[in-house]
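> This is the structure I want to talk about, given as structure tokens.
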Amino acid sequence: MPELPEVETIVRALAPRITGRRVLSAEFFAPRVMRGAPEPDLAGHTVQSVTRHGKHILLKFDHGTLAIHLGMTGKLLIDGDPTPYLRAEFVLTGCRLLFDDIRQFGRMAWSQTLPENVARLGPDPLEISAQDFAARLQEKRGRIKTVLLNQAFVRGLGNIYVDEALHRAGIHPLAEGITKKRAQILHREIVEILEQAIASGGSSISDYVDTEGRKGSFQDSHRVYGREGEPCRACGTEIQRIVVTQRGTHFCPKCQRM
DNA sequence: ATCTATTCCTGGCTGC
DNA sequence: TGCAGCCAGGAATAGA
């Protein structure tokens, strides 16, 4: 499932391939992709920039911005082979950009400025300072895992990296009222794990691949996610799995005390 | 206002 | 072997 590191990997591969290219045609095959909103007219317009905003991929044009969210199984493929799950296809000068999405959780949104659901997101965890992160966290109540998954708190974290960051920071996923000191430790671990994951091309858990169909390798470095019943890499205790806010949650009961 | 549960979607897995 | 039934989960939405 594409989270911040996976989306960053995609953007880094996509940007040099389509920036400055002109759209010759754009087709949206599945109505769900735009969630009923009118499809933008992209033909004749040039891609000005490709950036990441949380888990969204922003394609900026001279007349607006297309925000792409990959959901669970969305893929952006350059010149790939069409599949039964092709939801949109952009023909550009020099290449084709295919949006493939088995489960159709992915979506696109168009705005002359910035789509509202994108504009309202919180700060990027790689940009916010440890002090600001800790201060923001002080204002939130509720379980730490739920707070971190809230894209209005920080944008880009998903189930995998929240579990992994909490383990590295030694914080129980159900913990509440994190102290300022521990919040700064958590911030450091979040930044570190995101940067490591980006360096590994992301985690390929289900069917994540980048624009060239390449898998990431960070799943091999996971310490808790998907490791229920296996020994903690730090202390050997069996990794436990519970459900928090409808999300499978993995943690070490010894390393991560309440 | 804030928090929680539900909904969408389908390949893959489990168990009979 | 076949197949019904369940599971994964991001975020919009409905409900409490």
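Following my numbering, the numbering of the first sequence begins with -16 at its first residue and continues without gaps.
Built from N, CA and C at the ideal position, the CB exists for glycine as well.
The structure displayed is predicted, hence computed values, not measured ones.
(1) Let me make sure I understand the geometry here. Which of P(-1), T232, P(-15), A180 has the alpha-carbon closest to that of L53?
(2) Flag this pair as touching only if the region 189 to 198 and the region 135 to 145 have three or more C-beta atom pairs under 8 angstroms; answer yes or no.
(3) Spatial neighbours of A113 within its chain, please: CB distance less than 6 angstroms, with the 5 preceding and 5 following residues excluded, ordered by chain position.
(4) Would you kindly check if the distance between the Cβ of L149 and the Cβ of I127 is under 8 angstroms?
(5) Around the C-beta of T66, are 16 or more other C-beta atoms found within 10 angstroms, so that it is buried, or is it exposed?
(6) So, using beta-carbon positions, are V145 and L157 closer together than 8 angstroms?
(7) From K164 to T2, what distance separates their C-alpha atoms?
(8) Near K123, what residues of its chain come up, given a Cβ to Cβ distance below 6 angstroms and the 5 sequence neighbours on each side ignored?
(9) Tell me whether S204 is buried or exposed, calling it buried when 16 or more other Cβ atoms sit within 10 Å of its Cβ.
(10) Do G63 and L81 have their C-beta atoms closer together than 8 angstroms?
(11) Check whether the Cβ atoms of L177 and P(-12) sit closer than 8 angstroms, and answer yes or no.
(12) Let me make sure I understand the geometry here. Which of R224, G185, T220 has the alpha-carbon closest to that of K237?
(13) Where does I232 fall in DSSP's three states?
(14) Look up D146 in the DSSP assignment and say whether it is helix, strand or coil.
(15) Drop a sphere of 10 angstroms on the beta-carbon of E175, count the other beta-carbons inside from all chains shown, and report buried for 16 or more, exposed for fewer.
(16) With a cut-off of 8 angstroms on the beta carbons, I'd call G199 and S187 a contact; round off their distance for me.
(17) Who does G57 pair with in a DSSP beta bridge?
(18) In the DSSP assignment, find the unbroken alpha helix (DSSP H) run with H170 in it and report its ends.
(19) Counting only the same chain and skipping the five closest in sequence on each side, list residues whose C-beta sits under 6 angstroms from that of M55.
(20) Who are F11's beta bridge partners in DSSP?
(21) For the 8 angstroms Cβ check, are there 3 or more pairs between the region 206 to 221 and the region 15 to 23?
(22) Taking I(-7) and I40 to be in contact with their CB atoms under 8 angstroms, please state how far apart those CB atoms are, rounded to whole angstroms.
(23) Can you find the residues in the same chain that come closer than 8 angstroms, C-beta to C-beta, to H28, ignoring five residues on each side of it along the sequence?
(24) Where do the N-terminal and C-terminal ends of the beta strand (DSSP E) with F136 fall, by residue?
(25) Select from I51, D24, E22 the residue whose C-alpha is nearest the C-alpha of T34.
(26) If I'm right that I222 touches V207 with Cβ under 8 angstroms, what's the distance once you round it to whole angstroms?
Short version:
(1) As a first step, residue 53 is located in the first sequence; it is residue number 70 there, counting from the start. Ranking P(-1), T232, P(-15), A180 by Cα distance to L53 puts P(-15) first.
(2) no
(3) Start at 1 with the first residue of the first sequence, and residue 113 comes out as number 130. Hits under 6 angstroms: Q167, H170.
(4) Position 144 of the first sequence, counted from the start, is the residue given in the question as residue 127. Position 166 of the first sequence, counted from the start, is the residue given in the question as residue 149. Contact: yes.
(5) Taking the first residue of the first sequence as position 1, residue 66 is located at position 83. By the neighbour-count rule (16 or more Cβ atoms within 10 Å), T66 is not buried but exposed.
(6) The sequence position of residue 145 within the first sequence is 162, counting from 1. The sequence position of residue 157 within the first sequence is 174, counting from 1. No, the Cβ-Cβ distance between V145 and L157 is not below 8 angstroms.
(7) Translated into the one-based positions of the first sequence, residue 164 becomes position 181. Translated into the one-based positions of the first sequence, residue 2 becomes position 19. Each residue's alpha carbon lies about 42 angstroms from the other.
(8) As a position in the first sequence, residue 123 is number 140, starting the count at 1. Result list for K123: V130, in chain order.
(9) Taking the first sequence and counting its residues from 1, the one referred to as residue 204 is at position 221. S204 is exposed by the Cβ-count criterion.
(10) Taking the first residue of the first sequence as 1, we reach residue 63 at position 80. Taking the first residue of the first sequence as 1, we reach residue 81 at position 98. Cβ distance < 8 angstroms, so G63 and L81 count as in contact.
(11) Counted from its first residue, the first sequence places residue 177 at position 194. Counted from its first residue, the first sequence places residue -12 at position 5. It is a contact, given that the beta carbons lie within the stated cut-off.
(12) As a position in the first sequence, residue 237 is number 254, starting the count at 1. Checking every option, the nearest Cα to that of K237 belongs to T220.
(13) Within the first sequence, the letter at position 249 stands for residue 232. Looking at the sequence provided, one finds Thr at residue 232 rather than Ile. Reduced to three states, the DSSP call for T232 is strand.
(14) One-based indexing of the first sequence puts residue 146 at position 163. It is helical.
(15) Looking up residue 175 in the first sequence gives position 192. E175 is exposed by the Cβ-count criterion.
(16) In the first sequence, counting from the first residue as 1, residue 199 sits at position 216. In the first sequence, counting from the first residue as 1, residue 187 sits at position 204. With 8 angstroms as the limit, G199 and S187 qualify as a contact, their Cβ atoms being about 5 angstroms apart.
(17) Position 74 of the first sequence, counting from 1, holds the residue named residue 57. Note: G57 sits in a beta bridge opposite D84.
(18) Counting from 1 along the first sequence, the entry for residue 170 is found at position 187. Run containing H170: 163 to 182, per the alpha helix (DSSP H) assignment.
(19) Within the first sequence, the letter at position 72 stands for residue 55. For M55, where only same-chain residues beyond five positions count, the Cβ hits under 6 angstroms are M(-16), R86, F88.
(20) Within the first sequence, numbered from 1, the residue matching residue 11 stands at position 28. In DSSP, F11 forms a bridge with A71.
(21) no
(22) Mapped onto the first sequence, residue -7 falls at position 10. Mapped onto the first sequence, residue 40 falls at position 57. Confirmed, Cβ separation roughly 6 angstroms.
(23) Walking along the first sequence from the start, residue 28 turns up at place 45. R5, V6, F44, D45, H46.
(24) Here residue 136 refers to the residue found at position 153 of the first sequence. Neither: F136 is in no beta strand (DSSP E) and is coded neither H nor E.
(25) Start at 1 with the first residue of the first sequence, and residue 34 comes out as number 51. Minimum Cα distance to T34 is reached at I51.
(26) On the first sequence, position 239 is the one that residue 222 refers to. On the first sequence, position 224 is the one that residue 207 refers to. About 5 angstroms separates the two Cβ atoms, so the contact holds.
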